[in-house]
Amino acid sequence: MRNGGRLARWFSRHRWIALAVVLLLTFPVLVVVQMQGLLDFNNYREAERESNPLVASLLRGERLAPPQPLPPEVFTTREVESVRPDLRLANRKWDRLKPEFAQILLQVYKEMRDKYGYRMVLIEGYRSPERQQRLKSKSGYVTNAGPYQSYHQFGLAADSAFLRNGKLVIAIEDDWTQRGYNLYGKLAEKYGLTWGGNWSFQDFGHVELHGTRYDDPSKHRR
């Protein structure tokens, strides 16, 4: 009992030293566990997104169907070529996007149309590493990201624009377009997407989904 009392008094006087010793002993173990992939902190972000009642309800509900593809000539007009010269080569297949991301994006499209009267168009979804490199090489007019640094390579990013009077509108040329992109960004963020309009390299039509169970750029950083 006497020894036990001495030990208790020592801990009472030196509790901060004892805490530091415990942290020093356990921290290396946590580092090793994390490096071995036994802890996946992306799961926390995914759980947080699933706790969003809007997203949870959406993913449990009826699946939204992608819109019918537009004619190829919509993407090759002079106006479009001046903004995105090689858009005709872009992939616009919804089945190349991860299902969860596609459903969230389709819901954003639906609300943009039903609530605000904007018709959204997918102008590029999945992007191959080779195309990513080509776009980066063109003076960064589309992207600053190299291969596997973009969520496009993993089916978790999309570029969108508006369809007005049968024509594709990408550039911000008037108040209507500016308002549309601002509404689009707010809706995207409401459903847990990251909007490119908030970046220093502003990309108003771009959204991406972070923190999923899927492979993404965060797992390829060196």
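At position 4 of the sequence shown (counting the first as 1) the number is 2 in the working numbering, and the numbers step up by one without a gap. Note that CB positions come from ideal geometry on N, CA and C, so glycine has one too. Predicted model, so just to flag it, every value in this text is computed and none were measured.
Span of the beta strand (DSSP E) around residue i
{"i": "I121", "result": "M118 to E122"}
{"i": "D157", "result": "A155 to R162"}
Burial state of residue i, where buried means 16 or more other Cβ atoms lie within 10 Å
{"i": "E71", "result": "exposed"}
{"i": "L120", "result": "buried"}
{"i": "Y291", "result": "With the chain covering -1 to 220 only, the question about residue 291 has no answer from this structure."}
{"i": "T141", "result": "buried"}
{"i": "Y114", "result": "exposed"}
{"i": "F199", "result": "exposed"}
{"i": "D157", "result": "buried"}
{"i": "V205", "result": "buried"}
{"i": "R11", "result": "exposed"}
Delimiting residues of the alpha helix (DSSP H) encompassing residue i
{"i": "L166", "result": "That residue, L166, is in no alpha helix (DSSP H); its beta strand (DSSP E) goes K165 to V167."}
{"i": "T175", "result": "D173 to K188"}
{"i": "E79", "result": "R76 to V81"}
{"i": "S55", "result": "P51 to R58"}
{"i": "Y149", "result": "Taken as a continuous stretch (DSSP letters only), Y149 belongs to no alpha helix (DSSP H), as it is neither H nor E."}
{"i": "K108", "result": "P97 to Y114"}
Those residues which DSSP pairs with residue i across a bridge
{"i": "H204", "result": "D157"}
{"i": "W193", "result": "V205"}
Nearest-angstrom beta carbon gap, residue j and residue i [assumed within contact, 8 Å]
{"i": "Q131", "j": "P215", "result": "About 14 Å; that fails the 8 Å criterion."}
{"i": "L85", "j": "Y124", "result": "With 8 Å as the limit, L85 and Y124 do not qualify as a contact, their Cβ atoms being about 14 Å apart."}
{"i": "V81", "j": "I168", "result": "5 Å"}
{"i": "R111", "j": "F160", "result": "No, R111 and F160 are not in contact; Cβ-Cβ is about 11 Å, not under 8 Å."}
{"i": "T210", "j": "E98", "result": "7 Å"}
7 Å CB neighbourhood of residue i in its chain, flanking five on each side removed
{"i": "A88", "result": "I121 and E122"}
{"i": "A100", "result": "W92"}
{"i": "R127", "result": "In the sequence on display, residue 127 carries Pro and not Arg. Closer than 7 Å at Cβ, skipping near neighbours: P145, Y146 and Q151."}
Own chain residues within Cβ distance below 8 Å of residue i, not counting five before or after
{"i": "K165", "result": "V72, T75 and E77"}
{"i": "L207", "result": "K96, E98, F99, I102, Y149, L154, A155, G190, L191 and T192"}
Residue i: CB within 7 Å of a non-hydrogen atom of the ligand PLP
{"i": "R111", "result": "By its list of ligands, the structure shown contains no ligand whatsoever, and the ligand PLP lies outside what it can speak to."}
Chain-order list of residues whose beta-carbon lies under 6 Å from that of residue i (same chain, five-residue window excluded)
{"i": "G178", "result": "Y116 and F160"}
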